[in-house]
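Chain order of the listed sequences is A and B. Under our numbering, the residues of the first sequence are numbered 5 to 179, in order. Under our numbering, the residues of the second sequence are numbered 7 to 527, in order. By construction, the Cβ of each residue, glycine as well, lies at the ideal position given by its N, Cα and C atoms. Keep in mind it's a predicted model, so treat the numbers as computed, not measured. Below is one structure, written out as C-alpha cells, with a few remarks after it.
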Amino acid sequence: MVNRHRLIDLTGEITLKLRGVVPIKRKLIVISGILILIAAMLGIDYFRMKQVEIQVLSVSPSPAPASSDENVEIRVRVVRKGGQPVAGHLLYALSLGGGDFQSFYVKTDGDGYAKFIYYPYDLPSYQKPRDVEIEIRDESNSIFIEMYPKVRYTIKMVAPENSDSDGLIVDDFFD
Amino acid sequence: MLFALVSCGKTEGKSDTGSKDSDNLSELDKVAREIADSYAGFDLPKINDGKPVTIKVHLGDIIPTLSEIPTAEQPDVFNSTEILRRAFMMLFPNVTVEWARTVDTSSSDAFLQYITTQLNSGTAPDIVSAWGASFAYRGWYYDFTEVLEKPNPFVKDNKRWRDQFPEYVFATWQVSDAKDRVVAIPVSLAAGTSTALYYNKELFSKLSINAPKTWEDLFTACKTLLGNGYISFSPWGGPGSGNRKISTTLWDVQFSLGPYYAAKQKDKLDYNGDGIQSQSELFRAAYEGHYFVSTNDYVWDMWKQVKRKYTTCLEKGYENSDYETKWLLGKVGILEDGLWRYPSELSNTDRQFEFGIIPPPAIDTDSTEFVDKLEYTESGPYRPVPRASFNIIKDSAMAHGGEGNIQACVAFLQFLTQPDNNNMIINEEKGKSISIIKGSKVSPQLTEYFKQPFPKTPSFSWPGGFTNAGAEKMSKILELWVKDQISDSEFKKQFDDEFKKDIMEFVQLMQIDTSQYKKGF
C-alpha cells in the first residue's frame with residue numbers, strides 16, 4: 005500500500021508522487037503491540053478467574069418463606085483451584101428475582117468464608133411463590149480487566165405459613 | 007483496575023444475554039397481569055367514559071429505571087412502578103400512562119423554571135413529585151380534599167380514601183397548603199426520621215463519648231472530638247450546598263429545634279388546641295407575629311442555637327470541605343445525612359470502622375427554658391413525616407384531556423396507595439422509606455435502627471419563609487448574622503422586615519382571607 009499525492013501545476017499537468025510504506029509499517033507494529041498487550045492482560049485475568057471458585061455452602065432456611073420477616077443466611081466460601089482459601093476478597097451479591105440483602109458487599113474472612121443475609125420479597129395474597137436466583141461475584145480478583153469469578157444459585161421459595169407479621173408495622177409509630 | 011470491559015467469569019446457570027431481556031419483560035407483564043386479575047369483581051370507575059386518555063406522570067425517585075434487569079454492573083433497578091403502570095393500563099385499556107422522566111427537580115428554582123416553561127408550551131406533566139405543597143401558592147395544584155372523602159375503589163370495604171393514611175400527615179407541608187387543602191397525595195413516610203447522624207463507634211468509644219441523644223449532648227461530643235484533633239461534624243451536602251449553606255430551612259431548624267420551641271408556645275400557635283399545628287395555623291401564627299425574632303424571646307433563642315451550632319460545633323472551613331474520604335478513614339466523628347444513605351452505608355466495606363446511627367438529637371431543657379422536657383418513645387420513631395408525595399397539575403391535566411385526565415390521574419394515585427401495591431414500591435426502596443398505608447410492614451433493613459428510643463417530635467413547624475423568593479432573602483440575612491457580618495439588632499430588624507414582606511406576598515398569591523386574624527405587624 006502507498007499514499008498517493010496529486011499535484012496540479014498552472015498548465016494543468018498532473019504529477020503523482022508515491023510515498024514509501026515505512027510509516028504504515030510502524031503503525032501496524034504499534035497497533036499489534038497494543039493488541040498483544042491487551043490480549044496478555046485478558047489472558048492473565050482470565051487465568052486468575054479460572055483459578056478461583058465461589059462455593060455456596062449452605063442456605064438456611066431452605067426452602068425459604070417468601071416474607072421479608074425472614075432472614076435467609078447464605079454461607080459461601082472462596083477457594084483457589086488447589087483448595088487454598090481466598091482471604092480478604094470483596095464479594096458482591098445480587099438478587100435477580102426480588103428481595104434484598106442486608107449488605108450487598110461482604111469480605112471473606114481468613115479462611116475464605118463469608119456470610120450474606122437475604123431478605124425475601126413479600127408474597128402478595130394473589131401470587132404464587134416464585135424461586136429467586138442470586139448471583140455472587142468476587143470483585144477483588146482481577147488485576148487489569150474486570151473478569152469476575154461468580155456463581156449463581158437458586159433459592160427455593162414457599163408461601164409463608166402465617167401471613168400475620170411478627171415484625172413491626174407502621175401503625176406502631178403513629179401515636 | 008485498568009478496564010471494566012466484561013463480566014465473564016465462572017457462571018452456573020443462565021447467562022446475561024439479550025434473550026433474557028425479553029424473558030424479563032414478559033415476567034413483568036406476568037406479574038402485572040396477576041395484579042390486574044386480582045381486581046376481578048371490584049367496582050372500578052369508568053375513566054373518561056371509556057374514551058382514550060393519556061397521562062404523563064413524574065414520580066421523582068420512584069420512577070422506574072430504564073433497565074429492568076439487575077446486573078452486577080447495574081444492580082439498582084426499580085421495577086415496581088413499571089409493573090403497576092402496566093397493571094393499571096390492563097385494568098383501563100383506554101388509559102395510557104407515560105413516564106415524564108425529564109422533570110428538573112435539581113433545585114426549587116430549577117423546578118419553577120421548568121414547570122413554568124412546560125406549562126406555557128402545553129407539555130408539562132400531569133402528576134409531579136415536587137416538595138409537597140411548597141409551590142401551592144402558584145395555584146397549580148388539584149385539591150384532593152373532596153375525593154379523599156370517597157372510597158378508594160382499589161381497596162375492598164374502604165369507606166374513605168383518607169382513612170388509609172394516619173391523620174397527622176394531613177397537617178404537614180408535604181401534603182396540605184396554608185388553606186389546609188390537600189394538594190399532594192403521600193405514598194411513603196421517612197424511614198423513621200428524614201435525616202440521621204452517622205457516627206464513628208470506635209472513635210466515640212476511644213474518646214469515651216456517648217452517642218448524643220440531646221442537642222446539648224451534641225455540643226459535648228463535638229467539643230471532645232475537636233479537642234482531640236478530629237473533624238467533629240460533617241454537615242449534609244456537598245461543598246457550598248445542603249446544610250453547609252446556612253438557610254432558614256436547615257435540618258436543625260426543621261428537626262432538632264423548631265418543633266420543640268413551637269410546641270412550648272402551643273397556646274398561641276395551635277389555635278384549635280388539637281395538639282397538631284395545621285398549615286393554616288402555622289400561617290396564621292406567622293401573620294399574627296408569633297415567629298418574629300425581634301418581639302419573641304423564644305424565637306430569638308431558637309436562632310441563637312443555630313448560630314451556636316455553626317460557630318462552635320463545626321470545624322472551620324466546613325462550608326467547602328469534602329469529608330467523605332475522611333469519614334471512610336475514621337477521621338470524622340459525626341456525619342449528617344439522610345436515611346437514604348443507610349442501605350449503602352451498611353454495605354460499605356471501604357469504611358475502616360463500625361458505625362452507629364441515631365436520630366437527630368433534639369433540644370431539651372438543659373439547653374434552654376423555652377422548650378418542654380423532651381419525651382422519647384420506648385423504641386422506634388414517632389410520627390414520621392411523608393417522604394414522597396404527588397401533585398396533580400390542574401392546568402396541565404385539563405389541557406391533556408380535561409376532567410377525564412384528572413379522573414385517570416386520581417385513579418392512578420389511588421392505585422399506588424392500594425396496600426399491596428404500595429408495599430411493593432416500599433420493599434423495592436430497600437429501607438429508604440416506610441409505607442404510609444396503615445397496617446403495612448416495616449422494611450427489615452430498618453429493624454436495627456428502630457430498636458432505639460426516638461425523640462417524640464411535636465407536630466409543630468417552624469416557617470422559614472412562605473415563598474421561594476422570601477425564604478432566600480431571609481436565609482441570606484441569617485447567613486450574614488451567623489458569620490458575624492451584621493449585628494444582632496441588624497439581624498432582628500432585617501430578618502423581620504423580609505419576613506413581613508414575604509407574608510404579605512403570600513397572602514396575595516394564595517388569596518388568604520385574613521379578616522379573622524390579628525395582624526402582628
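### Message
Taking the beta carbon of L32 (chain A) as the centre, do at least 16 other beta carbons fall within 10 Å, making it buried, or is it exposed?
### Response
Here residue 32 (chain A) corresponds to residue number 28 of the first sequence, with the count starting at 1. Burial call: exposed.
### Query
Looking at the structure shown, is K499 (chain B) part of a helix, part of a strand, or coil, going by DSSP?
Within the second sequence, numbered from 1, the residue matching residue 499 (chain B) stands at position 493. In the structure shown, K499 (chain B) sits in a helix (DSSP, three-state: H, G or I).
### Query
Going by the CB atoms, is the gap between V193 (chain B) and S395 (chain B) shorter than 8 Å?
Against the second sequence, residue 395 (chain B) aligns to sequence position 389. Against the second sequence, residue 193 (chain B) aligns to sequence position 187. Going by C-beta atoms, S395 (chain B) is nearer than 8 Å to V193 (chain B).
#### Entry: Heavy atom of the ligand FAD within 7 Å of V448 (chain B) beta-carbon
With respect to the ligand FAD, the structure shown offers nothing to examine, as it has no ligands at all.
### Message
Applying the 10 Å Cβ sphere with the 16-neighbour rule, what's the burial state of Y204 (chain B)?
### Response
As a working mapping, residue 204 (chain B) is identified with position 198 in the second sequence. So Y204 (chain B) ends up on the buried side.
### Task
Scan the region 338-414 of chain B and note each continuous alpha helix (DSSP H) run of 4 residues or more that stays entirely inside, going in chain order.
348-352 and 400-405, all fully within the region 338-414 of chain B.
#### Entry: Top-ranked residue by Cα proximity to L335 (chain B), from B:A217, B:T355, B:T520 and B:E321
Within the second sequence, residue 335 (chain B) is the residue found at index 329, counting from 1. Selected option, being the one with the closest Cα: B:T355.
### Message
Between P76 (chain B) and chain A, is the shortest Cβ-Cβ distance under 8 Å, so that the two count as touching?
### Response
In the second sequence, counting from the first residue as 1, residue 76 (chain B) sits at position 70. Answer yes: the Cβ-Cβ gap between P76 (chain B) and chain A drops below 8 Å somewhere.
### Message
According to DSSP, simplified to helix, strand and coil, what is A1 (chain A)?
### Response
Nothing about residue 1 (chain A) can be reported from this structure: the residues present for chain A run from 5 to 179 only.
### Query
At a CB-CB cut-off below 7 Å, which residues of chain A make contact with I440 (chain B)?
Start at 1 with the first residue of the second sequence, and residue 440 (chain B) comes out as number 434. Residues of chain A passing the Cβ test: V174.
### Query
Are the C-beta atoms of G243 (chain B) and some chain A residue less than 8 Å apart?
By 1-based counting over the second sequence, the position of residue 243 (chain B) is 237. No, G243 (chain B) lies away from the interface with chain A (no Cβ there is under 8 Å from its Cβ).
### Message
Which residue wins for smallest C-alpha separation from P76 (chain B), given the options A:D104, A:M45, A:A70 and A:P67?
### Response
What you label residue 76 (chain B) is simply residue 70 of the second sequence in a count that begins at 1. For the options A:D104, A:M45, A:A70 and A:P67, the alpha carbon positioned closest to that of P76 (chain B) is the one of A:D104.
### Query
Beta carbon of V63 (chain B), beta carbon of P159 (chain B): below 8 Å?
Looking up residue 63 (chain B) in the second sequence gives position 57. Looking up residue 159 (chain B) in the second sequence gives position 153. Taking C-beta atoms as the reference points, V63 (chain B) and P159 (chain B) fail to come closer than 8 Å.
### Task
Go through its chain and collect everything with a Cβ distance to I215 (chain B)'s Cβ below 7 Å, but skip five positions before and after it.
The sequence position of residue 215 (chain B) within the second sequence is 209, counting from 1. Exclusion of the five residues before and after I215 (chain B) leaves A227 and T230 as the residues of its chain whose Cβ lies within less than 7 Å of its Cβ.
### Query
So what's G15 (chain B) in DSSP terms, helix, strand or just coil?
In the second sequence, the residue the question calls residue 15 (chain B) occupies position 9. Unreliable placement is indicated for G15 (chain B), whose pLDDT of 36 sits below 50; the coordinate value is still reported in the next sentence. Coil, per DSSP.
### Y50 (chain A) in three-state terms, based on DSSP
Taking the first residue of the first sequence as position 1, residue 50 (chain A) is located at position 46. Judged by DSSP in its simplified three-state form, Y50 (chain A) adopts helix.
### Query
When Cβ atoms are compared, which residues of the region 421-436 of chain B fall closer than 8 Å to chain A?
Cβ contacts with chain A: D426, N429, M430, N433 and K436.
### Query
Any idea which residues DSSP pairs R84 (chain A) with across the strands?
As a working mapping, residue 84 (chain A) is identified with position 80 in the first sequence. DSSP, once it has assigned bridges, lists A:V56 as partnering R84 (chain A).
#### Entry: Contacts around N30 (chain B), its chain only, beta-carbon distance under 7 Å, and the 5 residues preceding and following it disregarded
For the purposes of this step, residue 30 (chain B) is taken as the residue at position 24 of the second sequence. Summary for N30 (chain B): the model assigns pLDDT 48, below 50, so the residue's position carries little reliability, and this model does not support an answer.
### Query
With C-beta atoms as the reference, is Q180 (chain B) less than 8 Å away from T423 (chain B)?
Position 174 of the second sequence holds residue 180 (chain B). Position 417 of the second sequence holds residue 423 (chain B). Inclusion of Q180 (chain B) and T423 (chain B) in the CB contact set at 8 Å is not warranted, their separation being larger than that value.
### Query
Under a three-way DSSP split, which group does I159 (chain A) fall into?
As a first step, residue 159 (chain A) must be located in the first sequence, where it is residue number 155. The answer is strand: DSSP assigns I159 (chain A) an E or B state.
### Task
May I have the straight-line CA-CA distance separating K379 (chain B) from Q458 (chain B), to the nearest angstrom?
As a first step, residue 379 (chain B) is located in the second sequence; it is residue number 373 there, counting from the start. As a first step, residue 458 (chain B) is located in the second sequence; it is residue number 452 there, counting from the start. Rounded to the nearest whole angstrom, the CA to CA distance from K379 (chain B) to Q458 (chain B) is 19 Å.
### Query
Is the number of C-beta pairs between the region 462-482 of chain B and the region 442-450 of chain B that are closer than 8 Å three or more?
Output reads no: the region 442-450 of chain B does not touch the region 462-482 of chain B.
### Query
Whose Cβ in chain A lies nearer than 9 Å to the Cβ of T355 (chain B)?
Mapped onto the second sequence, residue 355 (chain B) falls at position 349. Against T355 (chain B), the close residues of chain A are L94, S107, Y109, V110 and K111, in the order they occur along the chain (beta-carbon pairs closer than 9 Å).
### Message
Along the chain, where does the beta strand (DSSP E) containing R141 (chain A) start, and where does it finish?
### Response
Reading the first sequence from its first residue, position 137 is the one you call residue 141 (chain A). Unbroken beta strand (DSSP E) run through R141 (chain A): V136 to D142.
### Query
CA-CA distance, G92 (chain A) and N397 (chain B)?
Taking the first residue of the first sequence as position 1, residue 92 (chain A) is located at position 88. Taking the first residue of the second sequence as position 1, residue 397 (chain B) is located at position 391. Going from the Cα of G92 (chain A) to the Cα of N397 (chain B) covers about 49 Å.
### Query
Which residues of chain A have a Cβ atom closer than 9 Å to the Cβ of S449 (chain B), listed in chain order?
Working through the second sequence from its first residue, we reach residue 449 (chain B) at position 443. Those within 9 Å of S449 (chain B) in chain A are S72, D104 and Y123.
### Query
Per DSSP, what kind of secondary structure is F178 (chain A) in: helix, strand or coil?
The residue you call residue 178 (chain A) lines up with position 174 of the first sequence. Residue state, collapsed to three classes: coil.
### Backbone CA spacing between Y109 (chain A) and L256 (chain B) [nearest angstrom]
Translated into the one-based positions of the first sequence, residue 109 (chain A) becomes position 105. Translated into the one-based positions of the second sequence, residue 256 (chain B) becomes position 250. Y109 (chain A) and L256 (chain B): Cα-Cα distance of roughly 33 Å.
### Task
Using a Cβ-Cβ cut-off of 8 Å, state whether L41 (chain A) counts as contacting chain B.
Within the first sequence, residue 41 (chain A) is the residue found at index 37, counting from 1. With 8 Å as the cut-off, L41 (chain A) does not count as an interface residue toward chain B.
### Task
Output yes or no for whether 8 Å exceeds the beta carbon distance between L232 (chain B) and E321 (chain B).
The residue labelled residue 232 (chain B) in the question sits at position 226 within the second sequence. The residue labelled residue 321 (chain B) in the question sits at position 315 within the second sequence. Yes, Cβ-Cβ distance for L232 (chain B) and E321 (chain B) is below 8 Å.
### Message
Short of 6 Å in beta carbon distance, which residues of its chain neighbour I340 (chain B), apart from the five on each side in sequence? Order them along the chain.
### Response
If you number the second sequence from 1, residue 340 (chain B) lands on position 334. These residues qualify, in order along the chain: L203, Y205 and F239.
### Query
Along the chain, where does the beta strand (DSSP E) that runs through Y174 (chain B) open and close?
Along the second sequence, one-based indexing puts residue 174 (chain B) at 168. Counting along the chain, Y174 (chain B) falls outside any beta strand (DSSP E), and DSSP gives it neither H nor E.
### Query
Taking Cβ positions only, does F456 (chain B) come closer than 8 Å to chain A?
Walking along the second sequence from the start, residue 456 (chain B) turns up at place 450. F456 (chain B) counts as touching chain A.
### Message
Between which two residues does the beta strand (DSSP E) holding I61 (chain B) run?
### Response
Counting from 1 along the second sequence, the entry for residue 61 (chain B) is found at position 55. Per DSSP, I61 (chain B) belongs to the beta strand (DSSP E) from V59 to V63.
### Query
Roughly how many whole angstroms lie between the Cα atoms of A42 (chain B) and L97 (chain B)?
Taking the first residue of the second sequence as position 1, residue 42 (chain B) is located at position 36. Taking the first residue of the second sequence as position 1, residue 97 (chain B) is located at position 91. For A42 (chain B) and L97 (chain B), the distance between alpha carbons rounds to 6 Å.
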